[in-house]
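Here's the structure, in structure tokens; my notes come after.
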Amino acid sequence: MAIVAQSSRFGTYGRPVLAWAIGLLFFFPIFWMVLTSFKTDADAVKPEFLFTFTPTLENYLNMTANYDYWRFATNSVITSVFATLFSLVVGIPAAYAMAFNPSRATKDVLMWMLSTKMLPAAAVLYPMTFLTKSLGLFDTHFLVVLVLCLINLPIVVWMLFTYFKEIPKDIIEAGKMDGVNTWGEIREILIPLAWGGIASTALLAFIFCWNEAYWTVRLTTTDAATLSKLIEGNRAPEGLFFGRLSAVSTAAVGPIVVLGWFCQKQLVKGLTFGAVK
Amino acid sequence: MSDRRLPRLLQTPAVLLLLVWMLVPLSMTLFFSFIRYVLNNTIRPEWTTPSLSNWRGFGNYEFVLNSKDFVLAIQNSLLIVCSILFLTVIFGVLIAVLINKSFPGQGIVRVLLISPFFVMPAVNAVLWINMILDPVLGLQGIAVAGINGIVDNLQTMPVLGGFFSLWPDFAPISFRATQTSAYAVIMMVTWQWTPFAVLIFMTSLQSEDQQQKEAAILDGAGLWSQFRFLTLPHLGRPIAIVVMIQAIFHLSLYAEIEIVSRGNGNKNLPYLIGEFANNNIGAASATGIFAVILANIVAIFLLRMIGKTLME
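Chains as they are written, first to last, in this note's numbering: chain A, 1096 to 1372; chain B, 69 to 380.
Encoded structure:
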């Protein structure tokens, strides 16, 4: 019983204190980035202004002049949105077919789809550069959308499949009795029913698109370059521009971190392919 | 049966797209890995275009296997991946067990903890290597200078000064150097992926058998033996999954390596491929095939595990 008493004392004081300390520690680098973004470049590297300084918005106001931020941000938004939409347009019918009309091959097809996700991107770096350059697709929005869509398609199909599987087959079949065709079934019965699942799948796909840092950097130069490319291009400011770099970084990750807070649960589903429940 | 044909056909666009996406570039890589293909070569201009007449057999593989960089890249890849796996699993289990019980502010702590995972890799690397780890202007430099300043002051104290003069002058570590840059990468990726491990272990802990646990407490089982004999076995499967998923992701780590050190001595396999791909496509492709094989070894185990739960 002594142990139980001890554990409850730990539960009252030790656990919350320790948990909060760890939470704050993990959040500290992000906090530090946000804090630095309100310092001038000169103040940002001076020890006397670590926590006490005169906050300024100049880094945010000058983002366009310093980094052409909005051009990269617009590219990120456009490519991520269209890639997400496109992967849903291709993924919903596929997941519908697999969930409601499974064949013996369905499981293998799903597993094979996941396996494409596990190929190292670097292995096909040169062929991709070569192909896209010879097709005139290099550094175009179309290419980035296509690549982001294909990267996320396995996860999208898989997640949708797990959501669709939870819908009783009878409800979908009932549509058939009323003479609704396949498209009608998807549009009028399935999509309204699975709306929540579709939305969280889209949210997660959008986050993955936004953060993608291999192909978006290597297959673009200027026209279709995204925020990953922008940050990567300013990798070593040698201390001169900590303030402005923090501001542009905060602007690049802020919206996504907030979106991420809302889809913690879906993250587990999307990243472990349902193997952890 | 005919009314099932259209529904089944609906998966063909997805399948075809992925098939092309996978097969076309990969078979090109396979082809290039068996020929002499060098982009800049004035002496043998015929090698600058891919063609069957430049067949080299396993020559590129031999070249890659014998190059010093390849051995280093493999060692470095393994060092980075294994360290990250080890750290994220340990931290992940401990933190998940800690915050799984309810306490004031649990929701906020969860949000704070998960945040690093959504930071884009490029920002993660730029933030850590500059603002935190820079030996002069980053927090590390400022902290080391601060500690040295305090020690200097203490040395002037009348009695204890002699004791403090024995203290060494601390020197900040430059994490862009060849020997240390891998550790910077390990640090920043561990920071980013520990939340992932925590999230998955927490999800799994919620399905832990509470009755069994209460029975164990009544039998006088301590916290440690509860953890050792109930929680840890329960987490076995999620740990295996976290390890495998991370292994696949981190074997293709790229942005962090590029940003921290531009690969100076800190190459991993993807970075080496990128370097070869500037000129020697044959070697880049052979290295790529090695990377595929390495990833597949992990992927097969992972897919088997996922497959078991897929159709339940």
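Every residue gets a Cβ at the ideal spot worked out from N, C-alpha and C, and that includes glycine. Quick caveat, the model's predicted, so the values are computed rather than measured.
ask   = How about residue 1327 (chain A): is its C-beta nearer than 8 Å to some C-beta of chain B?
value = Answer yes: the Cβ-Cβ gap between residue 1327 (chain A) and chain B drops below 8 Å somewhere.
key: Counterpart residues of residue 106 (chain B) in DSSP-defined beta bridges   = According to the DSSP secondary-structure assignment, residue 106 (chain B) is paired through a beta bridge with B:348.
message = residue 201 (chain B) and residue 1121 (chain A) - do their beta-carbons sit closer together than 8 Å?
response = The answer is no: Cβ separation not under 8 Å.
request  = Show which residues of chain A have a CB atom less than 8 Å away from the CB atom of residue 97 (chain B).
outcome  = Those within 8 Å of residue 97 (chain B) in chain A are 1218, 1219, 1221 and 1222.
inquiry  = Is the separation between the beta-carbon of residue 1347 (chain A) and that of residue 1322 (chain A) shorter than 8 Å?
reply    = Less than 8 Å divides the Cβ of residue 1347 (chain A) from the Cβ of residue 1322 (chain A).
query = For a contact meaning CB atoms closer than 7 Å, what does residue 1162 (chain A) contact in chain B?
reply = Neighbours of residue 1162 (chain A) on chain B: none; closest Cβ ~12 Å, over 7 Å.
inquiry  = Tell me which residues share the same chain as residue 12 (chain B) and place their Cβ nearer than 6 Å to its Cβ, disregarding the 5 neighbours each side in the sequence.
reply    = This structure gives no information on residue 12 (chain B), because the portion of chain B shown stretches from 69 to 380.
ask   = Just to confirm, does residue 229 (chain B) get its C-beta within under 7 Å of one of the non-hydrogen atoms of the ligand NAD?
value = By its list of ligands, the structure shown contains no ligand whatsoever, and the ligand NAD lies outside what it can speak to.
query = Can you list the residues of chain B that residue 1277 (chain A) reaches, using a CB-CB cut of under 9 Å?
reply = Chain order gives the chain B residues near residue 1277 (chain A) as 71, 74, 75 and 78, where near means a beta carbon separation below 9 Å.
ask   = Which value, in whole angstroms, describes the spacing of the CA atoms of residue 1352 (chain A) and residue 105 (chain B)?
value = Cα-Cα distance, rounded: 44 Å.
request  = Could you tell me which residues DSSP pairs with residue 196 (chain B) in its beta bridges?
outcome  = In the DSSP assignment, no residue is bridged to residue 196 (chain B).
ask   = Taking all protein chains shown into account, do 16 or more other C-beta atoms lie within 10 angstroms of the C-beta of residue 259 (chain B), making it buried, or fewer, making it exposed?
value = Under this definition residue 259 (chain B) is a buried residue.
inquiry  = My assumption, with CB atoms under 8 Å, is that residue 1262 (chain A) sits in contact with residue 1288 (chain A). Please give the rounded CB distance.
reply    = With 8 Å as the limit, residue 1262 (chain A) and residue 1288 (chain A) qualify as a contact, their Cβ atoms being about 6 Å apart.
Own chain partners of residue 1342 (chain A) with C-beta closer than 7 Å, once the 5 adjacent residues on each side are dropped = Beyond the five residues adjoining it in sequence on each side, residue 1342 (chain A) comes within less than 7 Å, by CB distance, of 1132, 1154, 1155 and 1158 in the same chain, given in chain order.
Beta-carbon neighbours of residue 1210 (chain A), restricted to chain B and to distances below 8 Å = Listed along chain B are 367 and 371, each with a C-beta nearer than 8 Å to that of residue 1210 (chain A).
message = Using a 10 Å radius around the Cβ and a threshold of 16 neighbouring Cβ atoms, would you call residue 322 (chain B) buried or exposed?
response = Classification for residue 322 (chain B): buried.
query = Quick one: what's got a C-beta closer than 6 Å to residue 1175 (chain A)'s C-beta in the same chain, skipping five residues either side?
reply = In the same chain as residue 1175 (chain A), and ignoring 5 residues on each side of it, the C-beta atoms closer than 6 Å to its own belong to 1301, 1304 and 1305, in chain order.
inquiry  = Assuming residue 115 (chain B) is part of the alpha helix (DSSP H), what are its boundary residues?
reply    = From DSSP, residue 115 (chain B) is part of no alpha helix (DSSP H); its letter is neither H nor E.
ask   = With which residues is residue 123 (chain B) paired in a DSSP beta bridge?
value = DSSP lists B:103 as partners of residue 123 (chain B).
query = For chain B, is any of its Cβ atoms less than 8 Å away from the one on residue 1306 (chain A)?
reply = At least one beta carbon of chain B lies nearer than 8 Å to the beta carbon of residue 1306 (chain A).
inquiry  = Closer than 8 Å is the cut-off here; do at least three beta carbon pairs connect the region 1275–1286 of chain A with the region 107–123 of chain B?
reply    = Proximity of the region 1275–1286 of chain A to the region 107–123 of chain B falls short of the contact definition, fewer than three beta-carbon pairs being nearer than 8 Å.
key: Sub-8 Å separation of residue 1298 (chain A) and residue 1243 (chain A) beta-carbons   = Result no, Cβ atoms of residue 1298 (chain A) and residue 1243 (chain A) do not sit closer than 8 Å.
key: Environment of residue 1203 (chain A) [buried if 16+ CB atoms lie within 10 Å]   = Burial call: exposed.
task = Return the chain-ordered list of same chain residues with a C-beta closer than 8 Å to the C-beta of residue 1208 (chain A), the five sequence neighbours on each side being excluded.
result = Once the five neighbours on either side are set aside, the close Cβ partners of residue 1208 (chain A) are 1248, 1249, 1252 and 1253.
query = Quick one, which residues of the region 1110–1137 of chain A are near chain B if we go by CB-CB under 8 Å, in chain order?
reply = Residues are counted here when their Cβ sits less than 8 Å from a Cβ of chain B; for the region 1110–1137 of chain A these are 1110, 1111, 1113, 1114, 1115, 1117, 1118, 1119, 1121, 1122, 1124, 1125, 1127, 1128 and 1131, given in chain order.
ask   = What does residue 129 (chain B) touch in chain A if you count any residue whose Cβ is under 7 Å from its own?
value = Those within 7 Å of residue 129 (chain B) in chain A number zero; the least Cβ separation is about 14 Å.
task = Leaving out five residues on either side along the sequence, give the residues of the same chain with a beta carbon under 6 Å from the beta carbon of residue 317 (chain B).
result = Non-local C-beta neighbours of residue 317 (chain B) in its own chain, meaning closer than 6 Å and more than five positions away in sequence, are absent.
task = Using a Cβ cut-off of 7 Å, pull out every chain A residue sitting near residue 282 (chain B), in sequence order please.
result = Chain A residues near residue 282 (chain B): none, gap ~11 Å exceeds 7 Å.
request  = Return yes when the Cβ of residue 310 (chain B) is within less than 8 Å of the Cβ of residue 265 (chain B), no when it is not.
outcome  = With contacts defined as CB atoms closer than 8 Å, residue 265 (chain B) and residue 310 (chain B) qualify as a contacting pair.
request  = Tell whether a beta-carbon distance below 8 Å holds between residue 1365 (chain A) and residue 82 (chain B).
outcome  = Result no, Cβ atoms of residue 1365 (chain A) and residue 82 (chain B) do not sit closer than 8 Å.
query = Which residues of chain B have a Cβ atom closer than 7 Å to the Cβ of residue 1387 (chain A), listed in chain order?
reply = Residue 1387 (chain A) is absent from the structure shown; chain A starts at 1096 and stops at 1372.
query = Between the C-alpha atoms of residue 1125 (chain A) and residue 358 (chain B), what's the straight-line distance to the nearest angstrom?
reply = Across the structure, residue 1125 (chain A) and residue 358 (chain B) are spaced so that their CA atoms are roughly 37 Å apart.
query = So which of A:1279, A:1194 and A:1201 has the shortest CA-CA distance to residue 1255 (chain A)?
reply = The candidate whose alpha carbon is nearest that of residue 1255 (chain A) is A:1194.
ask   = Mind pulling the chain B residues with CB within less than 8 Å of residue 1206 (chain A)?
value = Residues of chain B whose Cβ lies closer than 8 Å to the Cβ of residue 1206 (chain A) are, in chain order, 371, 374, 375 and 378.
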